[in-house]
Structures are given as C-alpha cells and as structure tokens.
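Trainee: Numbering (our numbering), first residue to last: 1000 to 1286. Virtual Cβ for every residue (Gly too), placed ideally from N, Cα, C. Sending over a structure as structure tokens; questions will come in a sec.
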C-alpha cells in the first residue's frame, strides 16, 4: 500500500527538503571556507587541521583558538567536521527580515530570500524549467541523466539528493520528529503536520470556485471538483466501470482480486472493504 507521506517526498521544493538543503549547503560552505585556511607542513602532513592559534571567524568576527586535528585518511569526514565547526559557529548573525530564520553565512541568507521573492534565476538547458537555487538545478539535472547516487541500505531505493534519503530513512526507523502540540500526533514530514494542524484551527484555505465550498487539503478540493465536471477518469480494466476518485477504483478492484485487507481483531475474519468490517464488528459489540 502506498504511503501517503512518502508520496509527499516526491513534491518539488517541500518545506522539509528546502530546510535540509539550506542546512547542508551552509555546512559545505563553512567547511570549504575553513579548508582555505588550513596550514599544512611537513610535520603535519598526516593531518588535516584547522589553523592553529588565534584566528577570526570570517563571517561574525568571533575570535577562537583551535587545535583540533582530523585524520587525513578519513578525508576530513563531513560529519565529524560539522560537529566540530558547530562548536565555533553557534552564532547565526544573518536573519531573514521576512520570516525571522537565521543563518551562519550571508550567502545562505541571500539564497534563502529567493523563497520569498519567487525569483528563479537558474534554468535547466534541457527542459527550460527554472529554480530558485543552483543546488535545486543540480539535483534536477540528475532527472535527465538518471543519476541517483544516494541509496537506502535497507530497501535499495535510490535518490538524487541526500536530504531525500535522510527523510526516506524515517520510514525504516519509524522516526516521526514533527509532533502536533495540540494532540501529540507525530509525522515524518513537516508538511503533513501543517496539514494536520488545520483540523485544530479549522482553516480551510482551498476553495471551490464553482460552489464556494472550502477544504483543508488541495487533494480534497481536486476530488470535489470531479462532482462539478462529472468526469470519471479512473476506469476498471476488468469490467470497465468508471470512478471519479482513484481511491474508489482501488476499493472496487478488490472485488476482482479477492483481496481482503481489512481484518477483524476480535475473530480474524477478513473483508474487502473497511465499511463491511465496521458493520461486522457490531456483531461483537452487540450494537
């Protein structure tokens, strides 16, 4: 069965993916900047170290003294260096005037601002699609080459971006870091939490231009629009019956396949549809 949260990962520029990209990009910039200040001598040829002694942190003017070395055989592991750099880089002096988010580097803030301005200066020369940041364009270009260098070691699924793999791994680990402060329900991605919060707030931002009815989710509005168009675009390839909504076609297909995925936890009996299981359960409760 398709995981609806996993499907959301495919959407371009979700807030979760954008945040992951901005964080990864800023870390890489910090490391590149620090590597430009490395001092290598004959005595330290087996180590890759930050410049010894006092130095000024280039973006915020903070003075620091660092004697941390990294084994060159590990190629200055990004993860280890990130952990170390964060000791010195807790300050985020560059703040977005639109949303208040702060950054360590001014360049990262400049790239972030394109989220608010809508500017998309990076264009794919293959299909003409434009992007806010160069990193997004680089990731998009892999859709043309078919390159997916980041592979899940649990199921073998591959991704064009490391951030997408990190989010995917939550399916295996069960991690759900985004929690509703109203009811405690947790989600793997931030966007489903935002959608869920509308249950509590009552917000329905998606309005039908035919009848004025409003919905919490865009998907719900799209399904509703089929009522006005009368279109039944989902057809059963077994009997030809048509449906407005794909979920109804999926339910219908179980009649042909005999799949009984709804199981009674009282007696173990199985049913093709949830509604039938619900009616069956009344025989146990005496309703």
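Take every Cβ of the segment 1127-1135, pair it with every Cβ of the segment 1145-1158, and state whether three or more of those distances are shorter than 8 Å.
Mentor: No, they do not touch.
Trainee: Only counting the same chain, and skipping five residues up and downstream in sequence, which positions put a Cβ closer than 6 Å to that of residue 1169?
Mentor: Against the chain shown, residue 1169 aligns to sequence position 170. Answer for residue 1169: 1187, listed in chain order.
Trainee: Report yes if the C-beta distance between residue 1177 and residue 1189 is below 7 Å; otherwise report no.
Mentor: Here residue 1177 is taken as the residue at index 178 of the chain shown, counted from 1. Here residue 1189 is taken as the residue at index 190 of the chain shown, counted from 1. Yes, they are a contact pair.
Trainee: With H, G and I counted as helix, E and B as strand and the rest as coil, what does DSSP make of residue 1141?
Mentor: For the purposes of this step, residue 1141 is taken as residue 142 along the chain shown, with counting starting at 1. In the structure shown, residue 1141 sits in a helix (DSSP, three-state: H, G or I).
Trainee: Residue 1206 bridges to which residues according to DSSP?
Mentor: As a first step, residue 1206 is located in the chain shown; it is residue number 207 there, counting from the start. The partner list for residue 1206 (beta bridge, DSSP) reads 1213.
Trainee: Under 7 Å, do residue 1141 and residue 1122 count as touching if we go by C-beta distance?
Mentor: Counted from its first residue, the chain shown places residue 1141 at position 142. Counted from its first residue, the chain shown places residue 1122 at position 123. Cβ atoms of residue 1141 and residue 1122: not closer than 7 Å.
Trainee: Within this structure, are the beta carbons of residue 1242 and residue 1231 separated by less than 7 Å?
Mentor: Taking the chain shown and counting its residues from 1, one reaches residue 1242 at position 243. Taking the chain shown and counting its residues from 1, one reaches residue 1231 at position 232. Cβ distance < 7 Å, so residue 1242 and residue 1231 count as in contact.
Trainee: Would you list, in sequence order, the uninterrupted beta strand (DSSP E) runs of no fewer than 3 residues that lie entirely inside the segment 1148-1178?
Mentor: Correct list: empty.
Trainee: Going by DSSP, what residues sit across from residue 1129 in a beta bridge?
Mentor: Here residue 1129 corresponds to residue number 130 of the chain shown, with the count starting at 1. In DSSP, residue 1129 forms a bridge with 1122.
Trainee: Considering just the uninterrupted stretch of the alpha helix (DSSP H) at residue 1278, what are its terminal residues?
Mentor: On the chain shown, residue 1278 is found 279 positions in, with the first residue counted as 1. First-last of the alpha helix (DSSP H) with residue 1278: 1273-1284.
Trainee: Consult DSSP for residue 1231 and reduce its assignment to one of helix, strand or coil.
Mentor: If you number the chain shown from 1, residue 1231 lands on position 232. If DSSP states are grouped into helix, strand and coil, residue 1231 belongs with coil.
Trainee: Select from 1250, 1113 and 1212 the residue whose C-alpha is nearest the C-alpha of residue 1274.
Mentor: Residue 1274 sits at position 275 when you count from the first residue of the chain shown. With distances taken between Cα atoms, residue 1274 lies closest to 1250.
Trainee: On the three-state DSSP scale, how would you describe residue 1241?
Mentor: For the purposes of this step, residue 1241 is taken as residue 242 along the chain shown, with counting starting at 1. Of the three classes helix, strand and coil, the one that applies to residue 1241 here is strand, per DSSP.
Trainee: Alpha carbons only, please: which of 1157, 1126, 1131 and 1272 is nearest the one belonging to residue 1143?
Mentor: Residue mapping note: residue 1143 aligns to position 144 of the chain shown, counting from 1. Residue 1143 has its Cα closest to that of 1126, out of 1157, 1126, 1131 and 1272.
Trainee: Short check: CB of residue 1245 to CB of residue 1233, under 7 Å?
Mentor: Position 246 of the chain shown, counted from the start, is the residue given in the question as residue 1245. Position 234 of the chain shown, counted from the start, is the residue given in the question as residue 1233. It is a contact, given that the beta carbons lie within the stated cut-off.
Trainee: Go ahead and label residue 1206 buried or exposed: buried means 16 or more other beta carbons lie within 10 angstroms of its beta carbon, across all protein chains shown.
Mentor: For this step, residue 1206 is matched to residue 207 along the chain shown. Exposed, because fewer than 16 other Cβ atoms sit within 10 Å of the Cβ of residue 1206.
Trainee: Kindly identify the DSSP beta-bridge partner or partners of residue 1262.
Mentor: Translated into positions along the chain shown, residue 1262 becomes position 263. Note: residue 1262 sits in a beta bridge opposite 1269.
Trainee: Helix, strand or coil: how does DSSP classify residue 1037 here?
Mentor: In the chain shown, the residue the question calls residue 1037 occupies position 38. Here the model assigns residue 1037 a pLDDT of 44, short of 50, so the residue's position is not dependable and the matter cannot be decided.
Trainee: Hey, could you find the ends of the alpha helix (DSSP H) residue 1190 is sitting in?
Mentor: Indexing the chain shown from 1 puts residue 1190 at position 191. Counting along the chain, the alpha helix (DSSP H) containing residue 1190 begins and ends at 1189-1200.
Trainee: I'd like the list of long-range same chain contacts for residue 1164, defined as Cβ closer than 7 Å, with 5 residues on each side in sequence excluded.
Mentor: Locating residue 1164 in the chain shown gives position 165, counting from the first residue. Once the five neighbours on either side are set aside, the close Cβ partners of residue 1164 are 1149, 1151 and 1158.
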